[in-house]
Structures are given as C-alpha cells and as structure tokens.
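Read in order, the letters of the sequence shown are residues 14 to 335 in the working numbering.
So the structure is just underneath, and the comments pick up after that.
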Amino acid sequence: MNQMLTETQKEEIALGLKGRDFIALIDYTPEELRYLIQQAIELKRMQKAGEVYQPLRGKTLGMIFEKNSTRTRVSFEVGMYQLGGQALFLSGQDLQLGRGETIMDTAQTLSRYLNGIMIRTYAHKTVIELARGATIPVINGLTDLMHPCQALADYQTIYEKKGKLEGLKLAYIGDGNNMSHSLMMGGSKLGVHVAVATPEGYEPDEEIVKMSQEQAEQTGGRITLHRDPKEAAADADIIYTDVWASMGFEQEQEEREKAFRDYQVNDDLVRYAKQDYLFMHCLPAHRGEEVAESVIDGPNSIIFDQAENRLHAQKAIMAAIM
C-alpha cells in the first residue's frame, strides 16, 4: 500500500462494493482492501475534525450477537450513528434462531426490514448461510474461523504507524485461531510477511494457510508457519498475540496454559524483533498469560490505537457496502 489509489480508481472500486457481503478478507482484491483502509483513515480524519458525513441516513443495521462483545457492539453502534443511520441490537435470545427458525427464513425476514446485518457468532457456516439467504449485505463481526473487521482495522493501524504495508513482517504468536486466519488472509492480499508460531496441535487451518500462501505469491507477501516463537519474531516489525483460550474454549483453559506456556510474548521474545517493533493484541488481554505487562503496557504497544480503529474501519465497510 505504498501507492495511493487515484480518484478514478476509487470511484470504480466504490461502485463494485455496493451490496457486497463482508465475510472474509480473501474475498476482496488488494485494491479493494487498500480502498477500505484509505476510506477508514479519511473517515477518522473527518470525525476528529468535526466534519459531518452521513451517507447512511435513514438506514438500519441489524446486529446479531450470539457471542458477547465490548468493542464490536460499541464500535458498530457508534459507527452507524455517526454515519447517520441507526443500529438495532439483537441478542440470540431476541431472535427465533434458538427455537428452530432456519437461518434462511431469518435472513429473508430481516432483509425486509433492514439495510444490512452484522453477525457475531460461533460457527462460520452460520454467517455463510445468513449471507446466502439475505438480500442485503451481511458483515462478519466474528466467527470461530475468522475475524475480518478486526484484521482490517489492524492493517489500517499498521499503515498509520509505519507508512506502508508491503514488505513488513508481522509475527503472530499463539493460537492458530480466527485472528491468525484473518491476519494471514489480509497480509497475503497486502504484501505482508505473516509468520505464525503455534504449539503442536494448535496450528491454523490448513486450507486457509494454503489459500493465503497462493495469494501471497501474487503480491510479494509471505505466509510461513513456525514452531519456535523466536524464529517467527526474528526481525519482525509487528508482534501480535491473542488469548490462549478464546470465547467458547474456556473449558480448555488449564490444558491450553500448559501447551502455550513457551509462547508468551515477553521481554525475552521481543528482543528478537526490530527495535521499533509494534505490539498488537485484539483484546481482551490476559496480562501475565499470553503477554507480559511490560510489553502490553510498554512504549511499543499500540493496542488502543487498533481498538479505536475498529470504529473507523467498520464505518468504511458499512459506508461502502450498505
């Protein structure tokens, strides 16, 4: 993303994004992802300058939450308000999904009322079925397989801090989960070297790794897997980690603490990264587990910048597709 898109390119991309779902970063071209990041940065500037921008006036986003969240709910709800629309919170208990109504029926019904749906759930197939049945855009707010909104905000944050994306090395240390999957997909599109280090048995999904590696060959990026976290962290521009037991895996906490004990991001590990490395975490964080306090609260940490950018990145997504 060293080169900015021209106004003509932006107009053409904007036309192609209207009505699209936002399910996974691999579904978008490198140019479309660059467009969304540039739009997010511009919307952030406008918001801080007090400039009103309300392209979604009169529109409503339905927000389905089968998994609790702090950042996802607040950022989407505030984002819709700032864009002139409104957000409707729908917990799993508010809908009929738990009482036997099919996803397809729910999708078709909600499509008659709303202009877009954001869903945060467990099974990725739920989002796929919802998007298949809906006639309005569906945004993946998180599944057990992917977390694309977070990854887009992360790459926006890295670009703001480093001034580029191509050629950077991002070391992901920890569970090969939805976060690692989305970072690999995004990195493969944007020319980033994503090095993932996991314990045995916690590697990322093989199909996603293969898909990302194939895509990376076209952009100059690289996707590599490692067992040794020091090897992944070597000369890294960014060190990224996530909790050892994500929501839904709490019953494995004790077992995972044993498996991941050599994968903590601490002062010893970050010595292998570049001196001006950035530390990132999608939050919530467990200090003393996956990351030491001295790192997450240290001068290289940008965790709250990336948390803030959830708002701006998601505004860019909603404004583009709704």
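The C-beta atom is built at its ideal place from N, Cα and C for all residues, glycine as well.
Burial state of residue i (16 or more Cβ within 10 Å)
{"i": "Val256", "result": "buried"}
{"i": "Ala100", "result": "buried"}
{"i": "Ala249", "result": "buried"}
{"i": "Glu45", "result": "buried"}
{"i": "Asp34", "result": "buried"}
{"i": "Gly113", "result": "exposed"}
{"i": "Leu28", "result": "exposed"}
{"i": "Val87", "result": "exposed"}
{"i": "Gly176", "result": "exposed"}
{"i": "Asn81", "result": "exposed"}
{"i": "Met131", "result": "buried"}
{"i": "Phe273", "result": "buried"}
{"i": "Glu302", "result": "buried"}
{"i": "Asp107", "result": "exposed"}
For residue i, three-class secondary structure by DSSP
{"i": "Leu46", "result": "helix"}
{"i": "Phe35", "result": "strand"}
{"i": "Tyr215", "result": "coil"}
{"i": "Gln99", "result": "strand"}
{"i": "Tyr41", "result": "coil"}
{"i": "Ala184", "result": "strand"}
Residue i, enclosing alpha helix (DSSP H) - first and last residue
{"i": "Arg269", "result": "266 to 272"}
{"i": "Gln22", "result": "20 to 30"}
{"i": "Ala11", "result": "This structure cannot settle anything about residue 11, because the visible part of the chain is limited to 14 through 335."}
{"i": "Thr85", "result": "84 to 95"}
{"i": "Lys177", "result": "Element bounds for Lys177: n/a, residue is neither H nor E."}
{"i": "Arg323", "result": "316 to 334"}
{"i": "Gly311", "result": "No alpha helix (DSSP H) contains Gly311, which DSSP labels as neither H nor E."}
{"i": "Ser259", "result": "No alpha helix (DSSP H) contains Ser259, which DSSP labels as neither H nor E."}
{"i": "Glu197", "result": "Sequence check: residue 197 is Met here, not Glu. Run containing Met197: 191 to 203, per the alpha helix (DSSP H) assignment."}
Contacting residues, own chain, Cβ-Cβ under 6 Å from residue i (five flanking each side not counted)
{"i": "Tyr215", "result": "Asp188, Gly189"}
{"i": "Ala210", "result": "Ile186, His239, Pro242, Ala245"}
{"i": "Met192", "result": "His160, Asp255, Cys295"}
{"i": "Ser104", "result": "Phe78"}
{"i": "Ser124", "result": "Ala147, Thr148, Ile149"}
Limits of the unbroken beta strand (DSSP E) element including residue i
{"i": "Tyr253", "result": "251 to 254"}
{"i": "Thr73", "result": "73 to 78"}
{"i": "Leu69", "result": "Run containing Leu69: none; DSSP gives neither H nor E here."}
{"i": "His294", "result": "291 to 294"}
{"i": "Val304", "result": "Val304 -> no beta strand (DSSP E), and no H or E assigned at all."}
{"i": "Val278", "result": "Element bounds for Val278: n/a, residue is neither H nor E."}
{"i": "Val207", "result": "206 to 210"}
Proximal residues to residue i (C-beta, below 7 Å), its chain only, five neighbours per side dropped
{"i": "Ala320", "result": "Arg84, Leu296"}
{"i": "Lys23", "result": "Tyr48"}
{"i": "Gly146", "result": "Ile116, Met117, Ala120, Gln121"}
{"i": "Leu30", "result": "Glu45, Ala333, Ile334"}
{"i": "Arg235", "result": "His206, Ala229"}
{"i": "Gln266", "result": "Ala258"}
Contacts around residue i, its chain only, beta-carbon distance under 8 Å, and the 5 residues preceding and following it disregarded
{"i": "Phe102", "result": "Met76, Phe78, Arg86, Glu90"}
{"i": "Phe262", "result": "Arg269"}
Entirely within the segment 101 to 160 and at least 4 residues each: give me those alpha helix (DSSP H) ranges in chain order. 116 to 126, 137 to 146
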